[in-house]
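Chemist:
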Amino acid sequence: MSDRSGQTGAQLLVDCLALQGVDRVFCVPGESYIAVLDALHDKKSEIELIVCRQEGGAANMAEAHGKLTGRPGICFVTRGPGATNASIGVHTAFQDSTPMILFIGQVGRSFADREGFQEVDFRAMFAPLAKWAAQIDDPARVPEYLHRAFQTAMSGRPGPVVLALPEDMLSEIVAGKVDLGRPAAPIPAAARPDQIDEAMALLAKAKRPLVIAGGGGWTKKAGRDLVAFASRNQLPVTVSLRCQDYLPNSEPCFVGHFGIGAEPSLAKRLAEADLLLVLGPRLGEMTTGGYTLLAPPRPAGKTVVHAHPDPNELGRVYQADLPISAAASEVIATLADRPAITDPTWREWAMACRADYEASLVPTPQPGGVNLGEVIVSLREALPAKTIMCSGAGNYTGWLHRHWPFSEYRTQLAPTSGAMGYGVPAAVAAKLACPDREVVSISGDGCFMMNGQELATAAQYGLKIIFIVVNNGMYGTIRMHQERHYPARESGTALVNPDFVTLAKAYGCHAERVEATGDFAAALERARSAGTSALIELVTDPEALSIRSTLAKLRDSSLQRQEQGA
Ligand SMILES: Cc1ncc(C[n+]2csc(CCOP(=O)(O)OP(=O)(O)O)c2C)c(N)n1
Ligand SMILES: [Mg+2]
1 MSDRSGQTGA QLLVDCLALQ GVDRVFCVPG ESYIAVLDAL HDKKSEIELI
51 VCRQEGGAAN MAEAHGKLTG RPGICFVTRG PGATNASIGV HTAFQDSTPM
101 ILFIGQVGRS FADREGFQEV DFRAMFAPLA KWAAQIDDPA RVPEYLHRAF
151 QTAMSGRPGP VVLALPEDML SEIVAGKVDL GRPAAPIPAA ARPDQIDEAM
201 ALLAKAKRPL VIAGGGGWTK KAGRDLVAFA SRNQLPVTVS LRCQDYLPNS
251 EPCFVGHFGI GAEPSLAKRL AEADLLLVLG PRLGEMTTGG YTLLAPPRPA
301 GKTVVHAHPD PNELGRVYQA DLPISAAASE VIATLADRPA ITDPTWREWA
351 MACRADYEAS LVPTPQPGGV NLGEVIVSLR EALPAKTIMC SGAGNYTGWL
401 HRHWPFSEYR TQLAPTSGAM GYGVPAAVAA KLACPDREVV SISGDGCFMM
451 NGQELATAAQ YGLKIIFIVV NNGMYGTIRM HQERHYPARE SGTALVNPDF
501 VTLAKAYGCH AERVEATGDF AAALERARSA GTSALIELVT DPEALSIRST
551 LAKLRDSSLQ RQEQGA
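See below:
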């Protein structure tokens, strides 16, 4: 209840959220923070409260909101069980460099450290998962913590912040008028001009340069600047895992992405390149083929220019010839202003890289009635280029990543963290943030069941999303690893699924099952014209194990290898 002689910690907190421009928060309620829910009741016209069905769903939605908007996605959950459920979204925000703030209701201060009901030390629990994890013990300091949380989430390498809120702190009244502080804003971190000179000088000496873009803090302008810089210098541009929407894939400079298991042709180009211009990504396990395509610390025969916003990342694994501690967007803007290199020697190399990429776009034959590659081609023929594609983790994503040409920044919502269960909640967050855009969620049968309950959230808020479930009756990715290492010994990867069509109908969706590629386009049209969300179940053959191999082929080659004692 509000007290006109002062404000509660919870009211201050909600006022600070409004000051920071927050217009939507995601939650699963808990008795530990009902004072915040009450304060939100007074701010309904400014801040929309989205109530979810599981904290994993809520945290993923907040993470997706942060990805989409560049401002921290906000999630409220309760102590122990709520926070542990929500931790998946914090991990994804950390790995994906997404601004996000998770608020956790906590036991009252007078119970602290007694292992009160559901009490966990969240500073310790989230220490390796968040950029900053703290607890607000004094309601008068709420504005200070909130400002720092927003600033931290967006500055340098963006990421998640976790703030624990003791229950009694939230209801304590702070007398008098409290200064709520300033709205936070990312602080630009630019490169020194001489570093840009040096980068251009190194580039001028190269024969086979390759740009790798990615990482957090990207912007639409960064994509435009990158296209301008790369086109002017005829440079081939790749992107790191699930950063495919950083520049329009139709641009001739775009030559593919380092997915989980990069296209062999792209891996070969990485091996052949003599200069890497790394603009934003970390050069992590996925981009480097498990640190084999690029051997740390100084890949032989390669000059490495590495721009990253966090100086702690530079030199961590790879010791670049030219490390630049600056935001990729700033570095690219400056590079784009420099005069073009005259007569670059790598023209043919760049064209060959693009030709490799274009060849990979053509769907290959697949066993079974539904060819997922051709389904993605149907999607791209039917849907607007600005459709937001949301996915989680699993082999099914291989076809999406390969055959959907991303058109502009933030048409892709997918976890670099490789977390399953992301595609459904991300689509809910995307449709809420962008009601005029079409939103498609693609999940495997395994992935879908991890957060499929958020179909109820989509229904509750009247959202019209297309959910595609690729049902191969297994945790296919793990089955693939099994067949590679322990052939013909399936264990723990087969799934008996519910009837997805009936399940979706129970959530109020239009729903259909598709068992032949040729039936998909018409099913998609019916789904798009339905008045509600729609689910299309694609029944795929477990033999269609990945974009590159059938189950039988992989098993046979593994058995053969075993026989040869390799
Ligand atoms: C939350 C989470 N749990 C487990 C894993 C390990 N994992 C990666 S892919 C995968 C199977 C995905 O299955 P499905 O969604 O059906 O896609 P498929 O590989 O069959 O196409 C599993 C279990 C993970 N990445 N994330
Ligand atoms: Mg599956």
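Sequence positions in the sequence shown follow the numbering used here and run 1 to 566. A virtual CB, placed ideally from N, CA and C, is assigned to each residue, including glycine.
Tell me whether the beta-carbon of A385 lies closer than 9 Å to the beta-carbon of F467.
Modeler: Within the sequence shown, numbered from 1, the residue matching residue 385 stands at position 385. Within the sequence shown, numbered from 1, the residue matching residue 467 stands at position 467. No, the Cβ-Cβ distance between A385 and F467 is not below 9 Å.
Chemist: What's the C-alpha gap between L554 and G418?
Modeler: Within the sequence shown, residue 554 is the residue found at index 554, counting from 1. Within the sequence shown, residue 418 is the residue found at index 418, counting from 1. Cα to Cα, L554 sits roughly 23 Å from G418.
Chemist: Comparing C-alpha positions only, which one of A199, K205, R148 sits nearest to L180?
Modeler: Taking the first residue of the sequence shown as position 1, residue 180 is located at position 180. If we check each option's Cα against that of L180, R148 comes out closest.
Chemist: Quick check on this structure: which residue in T342, W399, L266 has the alpha carbon closest to the alpha carbon of D356?
Modeler: Translated into the one-based positions of the sequence shown, residue 356 becomes position 356. Answer by Cα proximity: L266.
Chemist: Given this structure, state the Cα-to-Cα distance separating L322 from A521, to the nearest angstrom.
Modeler: Locating residue 322 in the sequence shown gives position 322, counting from the first residue. Locating residue 521 in the sequence shown gives position 521, counting from the first residue. Whole-angstrom Cα-Cα distance: 49 Å.
Chemist: Who are the Cβ neighbours of G301 in its own chain at under 7 Å, not counting the five residues just before and after it?
Modeler: The residue you call residue 301 lines up with position 301 of the sequence shown. Excluding positions up to five away in sequence, the list reads D274.
Chemist: Measuring from the CB of M474, is there a heavy atom of ligand 2 at a distance below 8 Å?
Modeler: Along the sequence shown, read from residue 1 onward, the residue named residue 474 stands at position 474. For ligand 2, at least one heavy atom lies less than 8 Å from the Cβ of M474.
Chemist: What does I341 pair with, by DSSP beta-bridge criteria?
Modeler: Walking along the sequence shown from the start, residue 341 turns up at place 341. Its beta-bridge partners do not exist; DSSP assigns none.
Chemist: Please report the residue range of the beta strand (DSSP E) in which P425 lies.
Modeler: For this step, residue 425 is matched to residue 425 along the sequence shown. Careful: P425 lies outside any beta strand (DSSP E), inside the alpha helix (DSSP H) at 423-433.
Chemist: From this set, P309, Q7, L293, which residue's C-alpha is nearest P152's C-alpha?
Modeler: Here residue 152 refers to the residue found at position 152 of the sequence shown. Looking at the sequence itself, residue 152 is Thr, so the reference to Pro does not match. The candidate whose alpha carbon is nearest that of T152 is P309.
Chemist: Relative to the C-alpha of V239, which candidate in W218, D15, A228 has its C-alpha closest?
Modeler: Stepping through the sequence shown from its first residue, residue 239 is reached at position 239. Among W218, D15, A228, the Cα nearest to that of V239 is on W218.
Chemist: Closer than 8 Å to a non-hydrogen atom of ligand 1 - does that hold for the CB of C27?
Modeler: Numbered from its first residue, the sequence shown carries residue 27 at position 27. Not so, every heavy atom of ligand 1 lies at least 8 Å from the Cβ.
Chemist: For D3, which three-state DSSP category applies?
Modeler: Here the question's residue 3 lines up with position 3 in the sequence shown. Per-residue confidence for D3 stands at a pLDDT of 43, beneath the threshold of 50, marking its modelled position as unreliable; the derived number appears in the next sentence. In this structure, D3 counts as coil in the three-state DSSP scheme.
Chemist: Are G156 and A130 close, meaning C-beta to C-beta below 9 Å?
Modeler: Walking along the sequence shown from the start, residue 156 turns up at place 156. Walking along the sequence shown from the start, residue 130 turns up at place 130. Not closer than 9 Å, so no.
Chemist: How would you write the range of the alpha helix (DSSP H) that P143 sits in, first residue to last?
Modeler: Residue numbering aside, residue 143 sits at position 143 when the sequence shown is read from its first letter. From DSSP, the alpha helix (DSSP H) with P143 extends over 142-154.
Chemist: With a threshold of 16 other CB atoms inside 10 Å of the CB of E483, please say whether the residue is buried or exposed.
Modeler: As a working mapping, residue 483 is identified with position 483 in the sequence shown. Under this definition E483 is a buried residue.
Chemist: How many angstroms separate the CA atom of S378 from the CA atom of L361?
Modeler: As a working note, residue 378 is residue 378 in the sequence shown. As a working note, residue 361 is residue 361 in the sequence shown. C-alpha separation (whole angstroms): 13 Å.
Chemist: Give the range of the beta strand (DSSP E) segment to which I468 is assigned.
Modeler: Indexing the sequence shown from 1 puts residue 468 at position 468. Segment 466-471, the beta strand (DSSP E) holding I468.
Chemist: Count the other CB atoms, across all protein chains shown, that sit within 10 Å of the CB of S2; report buried if there are 16 or more and exposed otherwise.
Modeler: Locating residue 2 in the sequence shown gives position 2, where the first residue counts as 1. Since pLDDT at S2 reaches only 43, below the 50 mark, its modelled position is unreliable, and no value is offered.
Chemist: Distance, Cα to Cα, Q95 vs R282?
Modeler: Along the sequence shown, one-based indexing puts residue 95 at 95. Along the sequence shown, one-based indexing puts residue 282 at 282. Taking the straight line from one Cα to the other gives about 10 Å.
Chemist: Does DSSP put E263 in a helix, a strand or coil?
Modeler: Stepping through the sequence shown from its first residue, residue 263 is reached at position 263. E263 falls in the coil class under three-state DSSP.
Chemist: To the nearest whole angstrom, what separates the beta carbons of A433 and L413, a pair I think is in contact under 8 Å?
Modeler: Residue mapping note: residue 433 aligns to position 433 of the sequence shown, counting from 1. Residue mapping note: residue 413 aligns to position 413 of the sequence shown, counting from 1. Not confirmed; about 10 Å, so no contact.
Chemist: Taking C243 as part of the alpha helix (DSSP H), name the residues at either end of that continuous run.
Modeler: For the purposes of this step, residue 243 is taken as residue 243 along the sequence shown, with counting starting at 1. Neither: C243 is in no alpha helix (DSSP H) and is coded neither H nor E.
Chemist: Could you please give the first and the last residue of the uninterrupted alpha helix (DSSP H) stretch that includes S443?
Modeler: Looking up residue 443 in the sequence shown gives position 443. That residue, S443, is in no alpha helix (DSSP H); its beta strand (DSSP E) goes 439-444.
Chemist: Would you report the Cα separation of G259 and M474, rounded to the nearest angstrom?
Modeler: Position 259 of the sequence shown holds residue 259. Position 474 of the sequence shown holds residue 474. Roughly 21 Å separates the two Cα atoms.
Chemist: In this structure, does DSSP put W399 in helix, strand or coil?
Modeler: Along the sequence shown, read from residue 1 onward, the residue named residue 399 stands at position 399. Three-state result, W399: helix.
Chemist: To the nearest whole angstrom, what separates the beta carbons of A164 and Q118, a pair I think is in contact under 8 Å?
Modeler: Residue mapping note: residue 164 aligns to position 164 of the sequence shown, counting from 1. Residue mapping note: residue 118 aligns to position 118 of the sequence shown, counting from 1. In fact, because the Cβ distance is near 12 Å, the residues do not count as touching under 8 Å.
Chemist: Can the beta-carbon of K7 be found less than 9 Å from the beta-carbon of I173?
Modeler: As a first step, residue 7 must be located in the sequence shown, where it is residue number 7. As a first step, residue 173 must be located in the sequence shown, where it is residue number 173. The sequence shown places Gln at residue 7, rather than the Lys named in the question. Yes, Cβ-Cβ distance for Q7 and I173 is below 9 Å.
Chemist: Put R513 into one of helix, strand or coil per three-state DSSP.
Modeler: As a working note, residue 513 is residue 513 in the sequence shown. R513 falls in the strand class under three-state DSSP.
Chemist: Can you pull the DSSP bridge partners for H306?
Modeler: Position 306 of the sequence shown, counted from the first residue, corresponds to residue 306. BP columns for H306 point to V278, P323.
Chemist: Any heavy atom of ligand 1 within a distance shorter than 8 Å of the CB on T287?
Modeler: In the sequence shown, counting from the first residue as 1, residue 287 sits at position 287. Checking every heavy atom of ligand 1 against the Cβ of T287, none is found closer than 8 Å.
Chemist: Is the separation between the beta-carbon of R479 and that of L538 shorter than 9 Å?
Modeler: Stepping through the sequence shown from its first residue, residue 479 is reached at position 479. Stepping through the sequence shown from its first residue, residue 538 is reached at position 538. It is not a contact, given that the beta carbons lie outside the stated cut-off.
Chemist: Kindly indicate which three-state DSSP category G73 falls into: helix, strand or coil?
Modeler: Here residue 73 refers to the residue found at position 73 of the sequence shown. G73 falls in the strand class under three-state DSSP.
Chemist: Within this structure, are the beta carbons of A86 and A59 separated by less than 9 Å?
Modeler: The residue labelled residue 86 in the question sits at position 86 within the sequence shown. The residue labelled residue 59 in the question sits at position 59 within the sequence shown. Cβ distance < 9 Å, so A86 and A59 count as in contact.
Chemist: Pull the bridge partners of C390 from the DSSP assignment, please.
Modeler: Walking along the sequence shown from the start, residue 390 turns up at place 390. Its beta-bridge partners are L413, S441.
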